[in-house]
Amino acid sequence: MNGIDFEYFPEMFYWDRTLWETALGLNKNIKPTDYNYPKRFTLYKEIYIGHTPLTRIGKTVPLQMANVWNVDTGAAFTGPLTIMDVDTKDFWQSEPLPSLYPNEKGRN
């Protein structure tokens, strides 16, 4: 809630999905200067996350909500593996898992 310097439980970095859930549910019309804008989004210009597959919401490309970028495109399941240049936002992807490894079921 107050940035990485105040996170005392390392597990929170990879198990807490509330940052992404908050970004998904945020009213797109609210401005960062509004009183009700989540403070945690104002701590950093951009935030990059993974470990929360976008395939859960039917997406397989990096997605930005507020200033949070989710780059987990579900390679452990049926999606592609993605890398993204954070400066240009260009990204590159593998073929989806099933087309590369037809007998691999992933974490499905």
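Its first residue numbered 1, the sequence shown is counted upward by one per residue in my numbering. We put the beta carbon where it would ideally sit given N, CA and C, even for glycine.
Determine the DSSP secondary structure at residue i, reduced to helix, strand or coil.
{"i": "LEU63", "result": "strand"}
{"i": "ILE128", "result": "Nothing can be reported for residue 128: it is not among the residues displayed for the chain, which extend from 1 to 108."}
{"i": "ALA82", "result": "Note that residue 82 is Thr in the sequence shown, not Ala. In the structure shown, THR82 sits in a strand (DSSP, three-state: E or B)."}
{"i": "PHE117", "result": "Because the chain here runs from 1 to 108, residue 117 falls outside it and cannot be looked at."}
{"i": "GLY3", "result": "coil"}
{"i": "LYS105", "result": "coil"}
{"i": "ARG17", "result": "coil"}
{"i": "PHE9", "result": "coil"}
{"i": "LEU111", "result": "The requested residue 111 is not part of the displayed model; the chain covers only 1 to 108."}
{"i": "PHE77", "result": "coil"}
Skipping 5 residues on each side, what residues in its chain have a beta carbon closer than 8 Å to that of residue i?
{"i": "LEU19", "result": "ARG40, ILE47, ILE49 and VAL68"}
{"i": "THR78", "result": "THR55, PRO96, LEU97, PRO98, GLY106 and ASN108"}
Name the residue from the options whose alpha carbon lies nearest to the alpha carbon of residue i.
{"i": "MET12", "options": "LEU100, ASN36 and HIS51", "result": "HIS51"}
{"i": "ALA75", "options": "ASP5, VAL61, ASP16 and PHE9", "result": "VAL61"}
{"i": "GLU21", "options": "ASN70, ASP87, PRO10 and ASP5", "result": "ASN70"}
{"i": "GLN64", "options": "PRO53, GLN93, LEU24 and TYR8", "result": "LEU24"}
{"i": "ASP87", "options": "LYS45, GLN93 and PRO80", "result": "LYS45"}
{"i": "GLY58", "options": "PRO38, PRO80 and TYR37", "result": "PRO80"}
{"i": "TRP15", "options": "ASN29, LEU100, ILE30 and PRO53", "result": "PRO53"}
Beta-carbon within less than 7 Å of residue i's beta-carbon, same chain only, minus the 5 sequence neighbours each way: which residues are those?
{"i": "GLY3", "result": "LEU43"}
{"i": "ALA66", "result": "ALA23, LEU26 and PHE41"}
Could you tell me which residues DSSP puts in a beta bridge with residue i?
{"i": "ILE49", "result": "ASN70"}
Could you check if residue i belongs to the surroundings of the ligand COA, using beta carbon to heavy atom distance under 7 Å?
{"i": "GLY74", "result": "The ligand COA is absent from the structure shown, which contains no ligand whatsoever."}
Taking residue i as part of the alpha helix (DSSP H), name the residues at either end of that continuous run.
{"i": "PRO98", "result": "97 to 100"}
Between which residues of its own chain and residue i is the CB-CB distance below 6 Å, once the five residues before and five after are set aside?
{"i": "MET84", "result": "PRO62, VAL71 and PHE91"}
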